[in-house]
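Residue numbers (this note's numbering): 106 to 406. C-beta: ideal position from N, C-alpha, C; glycine also. Contents: one structure, followed by commentary.
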């Protein structure tokens, strides 16, 4: 697909989508956007995006439509709703859902899309707000490999590690695996910080040493320094982590698979939510450890 003649639609301009869509524009693609909160479209218009009034209009003007919205019902609405993508799609459109949603719902929507002559890929991402801004996301793709090859230049504008994981829904399954590990790494990170603080060890020294050892993780390298500074702003919010863990636990229930650690992280993050931390970054899990262990990890007021 030639950049000059390819029209790309992008739906969802949240923390991730606003940067991902802009990276597509910077790479030379013509981008048309829609967002439920209209004010975010004005920001996109300022950097050169075309704006329209509905997902249906996005589809009518696009060769490829990318969705990056919050949850399974949100994707269903923008894809299958009366003003949705399938209502405006012509045969041959490629739909790439980069949200994190249910694998089963993904397969259902792909079947519905196929009835309209629309090819669908599920391509959830990992890398947070930093990866979205810098175009270094890891993208896990489910669907037909030949469809992936057609749109790979678009994905390369947003990410560095693009992996075909299998048939439709496989990308969402691999993303679920990613979220299991993210949750458990997050818990390990805040427990280690709490342990070090209570033992009287300098936190920055502990982070510096362990990040380069066998305990190293993305959470330790990227979130632990934020915790030490008292920065609980969201790169990825508790609200969305809990949504992802709900999907994981629902799929595990369907498979009769016990996920003890994942369930524990889910319950601990529920405590963060109970104290008003729904929109904090996931590193706010440290607040639970501070309450449980009577330890002040973040800077005191």
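Beta-carbon spacing of residue i, residue j below 7 Å
i, j, result
"residue 173", "residue 299", "no"
"residue 214", "residue 184", "yes"
"residue 83", "residue 164", "Absent from the structure is residue 83, since the part of the chain shown begins at 106 and ends at 406."
"residue 146", "residue 138", "yes"
"residue 333", "residue 308", "yes"
"residue 385", "residue 325", "no"
"residue 303", "residue 391", "no"
"residue 284", "residue 353", "yes"
"residue 180", "residue 198", "no"
"residue 227", "residue 252", "no"
"residue 243", "residue 233", "no"
"residue 206", "residue 247", "no"
"residue 404", "residue 335", "yes"
"residue 161", "residue 122", "no"
"residue 241", "residue 220", "no"
"residue 383", "residue 351", "no"
"residue 407", "residue 203", "The chain is shown from 106 up to 406; residue 407 falls before or after that span and cannot be answered."
"residue 134", "residue 108", "yes"
Same chain, Cβ closer than 6 Å to residue i, neighbours up to 5 away in sequence not counted
i, result
"residue 268", "245"
"residue 262", "128, 129 and 132"
"residue 140", "118 and 146"
"residue 311", "301"
"residue 364", "357"
"residue 260", "244 and 267"
"residue 322", "290"
"residue 196", "222"
Close beta carbons around residue i, own chain, < 7 Å, minus the five adjacent residues each side
i, result
"residue 388", "328, 331, 332 and 337"
"residue 396", "none"
"residue 398", "299 and 303"
N- and C-terminal bounds of the alpha helix (DSSP H) containing residue i
i, result
"residue 114", "No alpha helix (DSSP H) holds residue 114; the beta strand (DSSP E) holding it covers 112 to 116."
"residue 367", "365 to 379"
"residue 347", "343 to 359"
"residue 383", "It is not in any alpha helix (DSSP H) - residue 383 carries neither H nor E in the DSSP assignment."
"residue 195", "No alpha helix (DSSP H) contains residue 195, which DSSP labels as neither H nor E."
"residue 219", "208 to 220"
"residue 324", "It is not in any alpha helix (DSSP H) - residue 324 carries neither H nor E in the DSSP assignment."
"residue 398", "391 to 398"
"residue 122", "122 to 131"
Residue i, buried or exposed, once every other Cβ within 10 Å from all chains shown has been counted against 16
i, result
"residue 187", "exposed"
"residue 342", "buried"
"residue 110", "exposed"
"residue 375", "exposed"
"residue 301", "buried"
"residue 270", "buried"
"residue 358", "exposed"
"residue 349", "buried"
"residue 361", "exposed"
"residue 144", "exposed"
"residue 340", "buried"
"residue 177", "buried"
"residue 287", "buried"
"residue 306", "exposed"
Residues near residue i by beta carbon distance below 8 Å, same chain, minus five either side
i, result
"residue 166", "112, 114, 137, 155 and 157"
"residue 289", "366, 367 and 370"
Start and end residues, beta strand (DSSP E) containing residue i
i, result
"residue 316", "Element bounds for residue 316: not the beta strand (DSSP E) but the alpha helix (DSSP H), 308 to 316."
"residue 202", "199 to 202"
"residue 136", "135 to 139"
"residue 225", "224 to 227"
Residue i: CB within 6 Å of a non-hydrogen atom of the ligand SAM
i, result
"residue 249", "Ligands are entirely absent from the displayed structure, and the ligand SAM is therefore not among its contents."
Checklist entry - Whole beta strand (DSSP E) runs in the segment 239 to 295 with 3 or more residues, listed along the chain? => result 242 to 247 and 264 to 271
Hey, which unbroken runs of the alpha helix (DSSP H) at 4 residues or more fall wholly within the segment 148 to 178?
-> 160 to 165
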